[in-house]
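Right, one structure below, let's go through it.
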Ligand SMILES: [Zn+2]
């Protein structure tokens, strides 16, 4: 299955978290191979620049003992 590509529809559902674990894993694995066309598709599907939009800011700006 060297040439397996998830369909755009599948990728779309993957990005919205609607796939089961097995299917997710299959797609993640495929993306990790660095497939340019599928990365392009996921980039096009995800909103905004695809730079980890889910990572919360962990900087605590309210700390007043920060010695910079
Ligand atoms: Zn692919």
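Numbering (my numbering), first residue to last: 219 to 286.
We treat Cβ as the ideally placed atom computed from N, Cα and C, and that holds for glycine.
Limits of the alpha helix (DSSP H) - the one that residue 224 falls within:
First-last for residue 224: undefined, no H or E at that position.
- Task: Report, in whole angstroms, the separation of the C-beta atoms of residue 229 and residue 256, which I expect to be a contact under 8 Å.
- Result: 7 Å
Exercise. For ligand 1, which residues have a Cβ under 5 Å from at least one heavy atom, in chain order?
Worked result: 223, 253, 256
### Message
Going by DSSP in three states, residue 236 sits in which element: helix, strand or coil?
### Response
Three-state result, residue 236: coil.
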